[in-house]
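Residue numbers (UniProt numbering): 1 to 161.
Everything on this sheet refers to the single structure shown next.
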């Protein structure tokens, strides 16, 4: 169990580094657009392109705490590999959302809906892990192997748009 937890911490720390680098990329885009619109740093004058970049950055920043919480719970309580795969998919989807938000607002909708589906998958993995714990505690039935098999089979379905 200790080795499994250590391996999961290493996988999750790599995902968190990816989140940090993606957040830095988004912040750099906000700064670049602000300088492009004003020429004087981060002052907001009401430019529509700056507002889109700023709003997309804020939306992504507000979604990351929820993402990290369900990612950790799904990995610790259910299965590490599907959780890590879903986490990487979520990072790509947030990038798609951000880039889509820079264009027309309707271009960001597929990335937003895809991200919601990944968060739901991670949440359901967490719930399955909690239910398995209570089944073991109260009834002595362990369905961990079945849950891992199901989540491993379902996780590739996240690639379907």
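Glycine included, every Cβ here is placed at the ideal spot set by N, Cα and C.
For clarity, every value in this text was computed on a predicted model and none was experimentally measured.
What three-state label does DSSP hand residue i in the structure shown?
i: residue 78; result: coil
i: residue 138; result: helix
i: residue 158; result: helix
i: residue 103; result: coil
i: residue 85; result: helix
i: residue 143; result: coil
i: residue 41; result: Because residue 41 sits at a pLDDT of 49, beneath the cut-off of 50, its placement in the model cannot be relied upon, and the following sentence gives the value as read from the coordinates. In this structure, residue 41 counts as coil in the three-state DSSP scheme.
So, residue i versus residue j, is the Cβ gap smaller than 8 Å?
i: residue 90; j: residue 118; result: yes
i: residue 61; j: residue 71; result: no
i: residue 205; j: residue 151; result: Lying before the first or after the last residue shown, residue 205 is absent from the chain, which here runs from 1 to 161.
i: residue 122; j: residue 74; result: yes
i: residue 85; j: residue 155; result: yes
i: residue 56; j: residue 102; result: yes
i: residue 100; j: residue 115; result: no
i: residue 147; j: residue 132; result: yes
i: residue 135; j: residue 126; result: no
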